[in-house]
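> Chains as they are written, first to last, in our numbering: chain D, 1 to 470; chain H, 10001 to 11020. Don't be surprised by glycine CBs; every beta carbon is placed ideally from N, CA and C.
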Amino acid sequence: MYSQSAASLRQTRRTFLGHGIAGLGSAALASMLTADSVCADQQQSAFPNFAPQAKRVIVLCQAGGPSHLETFDEKPELKRLDNQPMPESFTQGQPIAQLQGKQLKCYAPRFDFKRYGESGQTIATLFPKMGEIADDLCIINSMVTEQINHDPAHTFMNTGTSISGRPSMGSWVQYGLGSEADDLPGFVVLTSIGKGGQAQPIAARQWHSGFLPSRHQGVEFRSAGDPVLYVNSPPGVTAARQQDVFDAINQMNALRQPTLDDPEIATRIAQYELAFKMQTSVPSLMDVSGEPQHVLDMYGTQGGDGTFAANCLLARRLAERGVRFIQLYHRGWDHHGGLERGMQICASEVDQASAALVTDLKNRGMLDDTLVVWGGEFGRTPMAQGSGRDHHIKGFSIWMAGGGIQGGLKYGKTDDLGYNAAENIVHVHDFHATMLHLLGINHEKLTYRSQGRDFRLTDVHGHVVHDILA
Amino acid sequence: MTVARMIRFATLLLMLGAMVSCAAAAQGADQSAGDVDYTRDIKPLLSNSCYTCHGPDEGTREADFRLDVREVAIDSVIVPGNPAESELFARIASEDPDLQMPPTDSSRPKLTRDEVDLIRRWIAQGAKYDEHWSYAPPKQVKVPQERASSPIDAFIDQRLAEKGLEPAAKADPRTLIRRLYFDLTGLPPTPTEVAAFAADPSDQAYAALVKKLLASPRFGERMAMHWLDLVRYADSVGIHGDQEWSMSPYRDYVIRSFNENKPFDQFTIEQLAGDLLPNATREQQIASGYNRLNMITAEGGAQAKEYLAKYAADRVRTTSTVWLGATMGCCECHDHKFDPYTIKEFYQFAAFFADLEEQGVYAGSSKTSYWGPSIPVPSPQQETRLQELDQQIMTLGQSLQTPTPELAKAQAEWEANLPEDPSWQVLQPTSMKSHPEVDWKKLEDGSLLAAGANPDKPVYELEFTTQLSTATALRLEVLPHDSLPAAGPGRAGNGNFVLNEIQWAIDGKPVAFQTATATHSQQGWPIASLLTSDQKDGWAILPDIGKGNEAVFELPDDVTLTPASKLTLTMTHHYGSSHAIGRLRVALVDAPRPVQANQAIGVPQEIRDLVETPAAKRTASQQEKLAAYYRTIAPQLDHARKELAERTEQRKQLADSMTTTLVSKSSEPRTMRVLPRGNWLDDSGEIVEPGVPGFLGYDLETDGRRATRLDLAQWFVDRRNPLTARVFVNRLWQLTFGRGLVSTADDFGSQGAIPTHPQLLDALATEFVESGWDVKQMVRRIVQSQAYQRSSSRTASQKQKDLSNAFLAAQSAHRLPAEMIRDNALAASGLLVEQIGGESARPYQPPGYWSHLNFPKREYQRDQGRNLYRRGLYTHWQRTYLHPSLAAFDAPTREECTVRRNISNTPQQALVLMNDPTYVEAARALAVRLLQEGNDRPEAKIHLGMQAVQQRDATAAEVQILTATYQKHRQQYVSDPQSAQQLLSVGEYVTPEGIDAIDLAAWMSVSRILLNLHETINRY
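(1) I'd like to check one pair, leucine 446 of chain D with arginine 456 of chain D: are the Cβ atoms closer than 8 Å?
(2) Within this structure, are the beta carbons of alanine 10505 of chain H and threonine 10568 of chain H separated by less than 8 Å?
(3) Would you say glutamate 423 of chain D lies against chain H (beta-carbon separation less than 8 Å)?
(4) In the stretch 47-83 of chain D, which residue ranges form an unbroken alpha helix (DSSP H) of at least 4 residues, counting only runs that do not cross its ends?
(5) Taking valine 10316 of chain H as part of the alpha helix (DSSP H), name the residues at either end of that continuous run.
(6) In whole angstroms, what is the alpha-carbon distance linking alanine 10302 of chain H and alanine 10540 of chain H?
(7) Tell whether a beta-carbon distance below 8 Å holds between aspartate 10035 of chain H and glutamine 10158 of chain H.
(8) Let me know if isoleucine 10119 of chain H comes out buried or exposed under the rule of 16 or more other beta-carbons within 10 Å of its beta-carbon.
(9) Leucine 10443 of chain H: buried (16+ other C-beta within 10 angstroms of its C-beta) or exposed?
(10) Among H:Glu10383, H:Ser10106 and H:Ala10512, which has the Cα closest to the Cα of proline 10556 of chain H?
(11) Quick one: what's got a C-beta closer than 6 Å to tryptophan 399 of chain D's C-beta in the same chain, skipping five residues either side?
(12) Under the rule that 16 or more other beta-carbon atoms within 10 Å means buried, what is valine 10990 of chain H, buried or exposed?
(13) Would you please state the rounded distance, in angstroms, between the beta carbons of isoleucine 58 of chain D and isoleucine 326 of chain D? I believe it to be under 8 Å.
(14) Check whether chain D comes within 8 Å of cysteine 10050 of chain H, counting only Cβ atoms and requiring the distance to be less than that.
(15) Just reading off the alpha helix (DSSP H) that lysine 10652 of chain H is part of, what are its end residues?
(16) In three-state terms, what does DSSP make of histidine 330 of chain D?
(17) Please return the same chain residues whose Cβ sits closer than 6 Å to the Cβ of serine 179 of chain D, not counting the five positions on each side in sequence.
(18) What do you reckon, is the C-beta of proline 10907 of chain H under 7 Å from a heavy atom of the ligand NAP?
(19) Taking the alpha carbon of lysine 471 of chain D as the point to measure from, which residue in D:Gln92, D:Thr280 and D:Thr359 has its own alpha carbon closest?
(20) Give me the chain D residues within the contact set of lysine 10968 of chain H, using Cβ-Cβ distance strictly less than 9 Å, ordered along the chain.
(21) Alpha carbons only, please: which of H:Ala10841, H:Met10672, H:Tyr10869 and H:Asn10854 is nearest the one belonging to glutamine 10861 of chain H?
(22) So, with DSSP's three-state summary, where would you put tyrosine 10860 of chain H?
(23) Go ahead and pull the three-state DSSP assignment for leucine 409 of chain D.
(24) Can you give the beta carbon distance from leucine 10111 of chain H to leucine 10045 of chain H, rounded, assuming they're within the 8 Å contact cut?
(25) Count the other C-beta atoms from every protein chain shown that fall within 10 angstroms of the C-beta of asparagine 311 of chain D, then say buried if there are 16 or more, exposed otherwise.
(26) Since proline 85 of chain D sits in a beta bridge, which residues does DSSP pair it with?
(27) Tell me the DSSP bridge mates of asparagine 10549 of chain H?
(28) Restricting to Cα atoms, I'd like to know which of D:Gln147, D:Glu118, D:Asn141 and D:Val464 is closest to aspartate 135 of chain D.
(29) Could you check whether the Cβ of glycine 342 of chain D sits closer than 8 Å to any Cβ belonging to chain H?
(30) From isoleucine 11009 of chain H to glycine 462 of chain D, what does the alpha carbon distance come to, in whole angstroms?
(31) Taking C-beta to C-beta, are glycine 10495 of chain H and isoleucine 10545 of chain H nearer than 8 Å?
(32) So, are the CB atoms of cysteine 10331 of chain H and phenylalanine 10346 of chain H less than 8 Å apart?
(33) Report yes or no: do the stretch 296-315 of chain D and the stretch 217-228 of chain D share at least 3 C-beta pairs separated by less than 8 Å?
(34) Report back the beta-carbon spacing between valine 10559 of chain H and phenylalanine 10464 of chain H to the nearest angstrom; my notes put them in contact at under 8 Å.
(35) Let me check one thing: in DSSP terms, what residues is histidine 427 of chain D bridge-paired to?
(36) Jot down the residue ranges of each uninterrupted beta strand (DSSP E) in the stretch 10402-10444 of chain H, minimum 3 residues, whole runs only, in chain order.
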């Protein structure tokens, strides 16, 4: 594809990058590319710090905040107190969102729970498929976060702070470990929108690289239009002609190297190579026509329709291709009213596909080194808001599976009414620390100097939750 | 020291003896003889490795001593002149895990052997402390007489000599002029300008160029690109729904200020406190929009108190970074770990802004919504028209208030025949439907309540009958109810609704409305919009939640009704997320016109009473009152009244069409407390008044009154402020050299870099202040230095001696900022539209890019025509979804203050330049230029193209590659003309007549290559 000089230059680049892009810790790469980061890099030992359990992460973000009381946290006492005033001892002085100044009444869980699997995990019967993989799940019932509105709560869940401008977890991971995909970005974001209720907005901030080098930013894969922004050639430009243009650019850039003496030219050439590959690899990744029918059936999608199920299937395909961090957003869980119907709709949209993803990874032997996380930016109040529940941050549930996580485990508890996390509390910082730990990263060592401070994903907090590790 | 500790310490010192000599020996011939400089060599080590536990923050201080204050340090762990007796040295040199510092489990970096030795020598030399360099006033340094004309070069050459570095040669004329154009204007020179300079690259010619570029209006645009990053200027609110607001006049103020060379002190004062200046001009009020640029929220359920705390902290972070290069943001929760700022000072600083009139949570949904105080900013034409209208309105108003004999006569007749008062007749429903369905409930007062399922976008279809025989108007009441969210009247989570359409039919025949009025309409959602057919418009009622309101629709002509008439009302809600009316009541009336909401129907009782009073018994004022009332309904005055209504409406429309801008407005200051750990729920902290950081050595002079933003601004630009001038000139240096003399332009504190050329920085800062804060003078000074004009190529020896080019033996090369990459392509293709200012422009953007936004959902509407080709800095800046082509080239989202942009090199950048319609269209326009302007030889066209993007001729090898690509693609397009047509269809630009499509498409391959070249998007 390239002329002699471009080929030799490419060789130079390989030498320059040491091992090629694949597999190289980006923290190290950064220093080679810019003199400015030399200092920062001196503290940056090579990652992983120790043998990783997980090589990649898939986060199934249930945006809007699913109710823990209708999913993974069974509360018979709340049922008993249905429609009775919420004891003030729970709510006094607590931050409250839309229920500010309203009378607070208990609201019984809308669905029955059942024991699933050998482990006997209790899960709402609304999620039978997740019930089938109960023995693979570690359900954490004692999550807490610090932000009670959607926007800052998402920011907090992704960056460990509600202040904008900090890197998201996917960017941190990519910064530390680099990518194993050589023709796809290392951090990919997919979104879907639920059919019930209102879809709260999400912001690109949630996958932004903040002060980290921009190449660690999450790249959105879209179900409509260009699958990645600008990844399609202009109309009338065939793949061959586009390749001619790419080739000519790289040849001409290579020609100028001796005159300009600019190390960025080598990088530019490498990035044009990668961009050209993406023009083919992205559409081929998005094309699921080669997937066997039984796999499609397992996820419950024919693909290509932008549903959560289709995205779960794509997540597996991305994972297979070495993408380091894959984040799915399903917008539709903000059930201030119409909770019962809303949960039914959401369950019909995500239950089967979430479980299928875990099963599919397991069937392919990939679950062992893929960490799957399922949860929202917060939970919902035990108190009623009309026929729904308000935002809640003092106790909620997520699950983790695969990649070094102990399956069939329920960890942590909320109090009898599902208000406060009461036992083995897991803060968002702890979740981040644990996730990094599974990737072989000491969360205190993954730092980046900005405005004079060595920032971390976990700020100055975070403890690895060792109890849930396999 | 306890006895036990003393023994341990003594043992340690013994053990150390041997080790120290080892270390010293290892250093050997190294620079051990030189003086150790506290600021340069020691403080960064102590700050980075020790201050976290032994620094300014009392809250985390261990063992009750600190290393940042000499008195405390020599009282505890340092014995000046005697390293061996100093515990500091013993600890940092120790290999014993129980003793060594930083402790083995600390996240702070352990000191290297060389660093330990530096500290040893420093202690041996007396452990001298200096005040942190940036907190001490700039030092007056004498420039050697022979270099007085260029102090910059004097200082730089001196450092180069010290380091044994040879300066690079002067850049070749083309490289130099291209660099100068980009740095000063953000746009490339034309090939003609380059040729002229190449023919005469003398110092005089260069100076003339500098003069010309500083006078160019593009200079202000270029400077604004950076300033807008600092102040986080954007066109949207940034949080949650990220709705649009209107701020572009502030952006234009910044451009104007740099172009007018407004002194930087004045620029500072106007932005922080323009509104507080006596008789603040419109310009100064616009400037005060600076204080309103922080992100704000309109998310339902957000607590005002929490968000006011967030906004306050944001202002402290930004303002302290912009003017002081300080990281005061660290003190939101605790005293600063490395610098002497305290948590109390953080909140004192925030208190300066506590007078700003603002809300914690807004209820807006669009650009015209209320986002805090704003002012209209008319264009000159609008200003003239406004004066005309005001004049006409005044004249008409007067004529309506003037009694005449004719009026008196008509009034008497009217009094004699005063009709009965009409009243509203509530309609009884015969059928209630909704699609999708809801459960309707009839309430006793005749109102209807929607219950049960709460569909996203319901259409209501209601049928009524009436006993009324004639109707003039229809009334729709929207009413609260406890069963509704937030008590209604709407069914959305926040109690609101959006009524997008209302249609009335009598026996199936549609009846139009003539006017629509309401007792209240939400900003941006006026009732009158229901008269138009635009389905996106509608009527909503925030913030009137939990209250009733009414809308009145007047018919053009009275309609006749019978009890058998079937009245159908269809109400459409398109907005989504259940923004539908929850409780409503419908009524009709037969009354004299006009019938409007907010206005009683018929004759008010007071007037009726006057009519019944015999004329002779009325007082003069009663007479006048009655006559005045009559004039409001007198048929003779209908024309004047209508005229007045029209003019008033025109004035309103004109006012509505004016660009507005958010401004600062001062009101009673809110109480500001220290928030322990930054926790907004914690009210236990001390109440604070505005105040400045104490350690900078001078205070506000307010004679005991509460200090204001104006005091703060004046404090920033006080001659005694050691930071403001240094911080600003350092940023100018960053803009012209790619990196500041202090490389951490956003941090002048202990953890920041120290200046590579401290004397130079001080000299520039001093000159800046003494020049009267003359920005252009400083820019001229910098770009006329030899250092600026050097080549950016470096020899192996230069690289080896100074890897990062810190000592400036050469210039530096860097990629152009995002906006300039766009500008450059548009300039090269001839598409660029140079118009300064105005509302933000909307170039091509991929459809669906905003699909994750909500409240409301929206689709980006790109501009047409000229606005597609505006400079990058005018691109609509949507914070949560910044235009992807700008974002790909590292333009910041402007959610927070950005002092230094990342410069990345990614595959996304390649995809943008290859495939974004903006660049495909630019390639087409450039190809047209090649076909129209170049002569017939392909080689000449290629040179022309290369001149357009890089201002040089192509080399023989380049000509060969480009010619080959052109010929190959030309052949392909000959056999596939349809592809050529498709390619030419990208973009609005109309290809001139007479250009061959095949040839153009083939030349586009060449122009696309040219626009993608690394050198095209880099400045050397």
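Walking through what the data contain:
(1) Against the first sequence, residue 456 of chain D aligns to sequence position 456. Against the first sequence, residue 446 of chain D aligns to sequence position 446. Cβ atoms of arginine 456 of chain D and leucine 446 of chain D: closer than 8 Å.
(2) Stepping through the second sequence from its first residue, residue 10505 of chain H is reached at position 505. Stepping through the second sequence from its first residue, residue 10568 of chain H is reached at position 568. Yes, the pair counts as a contact, with Cβ atoms nearer than the cut-off.
(3) Locating residue 423 of chain D in the first sequence gives position 423, counting from the first residue. Not closer than 8 Å to any Cβ of chain H, the Cβ of glutamate 423 of chain D fails to qualify, so no.
(4) Runs found: 76-80.
(5) Here residue 10316 of chain H refers to the residue found at position 316 of the second sequence. Where valine 10316 of chain H is concerned, the enclosing alpha helix (DSSP H) stretches over 10304-10324.
(6) Your numbering for residue 10302 of chain H matches position 302 in the second sequence. Your numbering for residue 10540 of chain H matches position 540 in the second sequence. Cα to Cα, the separation comes out at about 20 Å.
(7) Numbered from 1 along the second sequence, position 35 holds the residue referred to as residue 10035 of chain H. Numbered from 1 along the second sequence, position 158 holds the residue referred to as residue 10158 of chain H. Against a cut-off of 8 Å, the Cβ pair of glutamine 10158 of chain H and aspartate 10035 of chain H comes out as no contact.
(8) Locating residue 10119 of chain H in the second sequence gives position 119, counting from the first residue. When all chains shown are included, isoleucine 10119 of chain H counts as buried.
(9) In the second sequence, the residue the question calls residue 10443 of chain H occupies position 443. Under this definition leucine 10443 of chain H is an exposed residue.
(10) For this step, residue 10556 of chain H is matched to residue 556 along the second sequence. It is H:Ala10512.
(11) What you label residue 399 of chain D is simply residue 399 of the first sequence in a count that begins at 1. Around tryptophan 399 of chain D: Leu137, Ile139 and Trp374.
(12) The residue given as residue 10990 of chain H occupies position 990 in the second sequence. It is exposed - the Cβ of valine 10990 of chain H has fewer than 16 other Cβ atoms within 10 Å.
(13) Here the question's residue 58 of chain D lines up with position 58 in the first sequence. Here the question's residue 326 of chain D lines up with position 326 in the first sequence. Right, the Cβ-Cβ distance comes to about 5 Å (below 8 Å), so this counts as a contact.
(14) Residue numbering aside, residue 10050 of chain H sits at position 50 when the second sequence is read from its first letter. So no, cysteine 10050 of chain H is outside the interface.
(15) Here residue 10652 of chain H corresponds to residue number 652 of the second sequence, with the count starting at 1. Segment 10638-10657, the alpha helix (DSSP H) holding lysine 10652 of chain H.
(16) Looking up residue 330 of chain D in the first sequence gives position 330. Note: histidine 330 of chain D maps to strand in three-state DSSP.
(17) In the first sequence, counting from the first residue as 1, residue 179 of chain D sits at position 179. For serine 179 of chain D, where only same-chain residues beyond five positions count, the Cβ hits under 6 Å are Gly186 and Arg324.
(18) As presented, the structure is devoid of all ligands, the ligand NAP included, so that no description of it is given.
(19) Absent from the structure is residue 471 of chain D, since the part of chain D shown begins at 1 and ends at 470.
(20) Locating residue 10968 of chain H in the second sequence gives position 968, counting from the first residue. Ordered by position in chain D, the residues that pass the 9 Å Cβ test against lysine 10968 of chain H are Arg241 and Asp244.
(21) Here residue 10861 of chain H is taken as the residue at index 861 of the second sequence, counted from 1. Nearest option by C-alpha distance: H:Ala10841.
(22) Taking the first residue of the second sequence as position 1, residue 10860 of chain H is located at position 860. Coil, per DSSP.
(23) The residue given as residue 409 of chain D occupies position 409 in the first sequence. Strand, per DSSP.
(24) Counting from 1 along the second sequence, the entry for residue 10111 of chain H is found at position 111. Counting from 1 along the second sequence, the entry for residue 10045 of chain H is found at position 45. That belief holds up - the Cβ atoms of leucine 10111 of chain H and leucine 10045 of chain H are roughly 6 Å apart, short of 8 Å.
(25) Along the first sequence, one-based indexing puts residue 311 of chain D at 311. Classification of asparagine 311 of chain D: buried, given that the 10 Å Cβ count is 16 or more.
(26) Translated into positions along the first sequence, residue 85 of chain D becomes position 85. Proline 85 of chain D is bridged to D:Lys105.
(27) For the purposes of this step, residue 10549 of chain H is taken as residue 549 along the second sequence, with counting starting at 1. Partner(s): H:Val10478.
(28) By one-based count along the first sequence, residue 135 of chain D stands at place 135. The candidate whose alpha carbon is nearest that of aspartate 135 of chain D is D:Glu118.
(29) Translated into the one-based positions of the first sequence, residue 342 of chain D becomes position 342. With 8 Å as the cut-off, glycine 342 of chain D does not count as an interface residue toward chain H.
(30) Taking the second sequence and counting its residues from 1, one reaches residue 11009 of chain H at position 1009. Taking the first sequence and counting its residues from 1, one reaches residue 462 of chain D at position 462. Taking the straight line from one Cα to the other gives about 49 Å.
(31) The count along the second sequence starts at 1 and reaches residue 10495 of chain H at position 495. The count along the second sequence starts at 1 and reaches residue 10545 of chain H at position 545. A contact, by the Cβ cut-off of 8 Å.
(32) In the second sequence, residue 10331 of chain H corresponds to position 331, counting from 1. In the second sequence, residue 10346 of chain H corresponds to position 346, counting from 1. Cβ distance < 8 Å, so cysteine 10331 of chain H and phenylalanine 10346 of chain H count as in contact.
(33) Flag = yes, the stretch 296-315 of chain D and the stretch 217-228 of chain D touch.
(34) Against the second sequence, residue 10559 of chain H aligns to sequence position 559. Against the second sequence, residue 10464 of chain H aligns to sequence position 464. The pair is not a contact, with the Cβ atoms about 14 Å apart (cut-off 8 Å).
(35) Counting from 1 along the first sequence, the entry for residue 427 of chain D is found at position 427. DSSP output for histidine 427 of chain D lists D:Val144 as bridge partner(s).
(36) Uninterrupted beta strand (DSSP E) stretches at least 3 residues long and entirely within the stretch 10402-10444 of chain H occur at 10428-10435 and 10439-10442, given in chain order.
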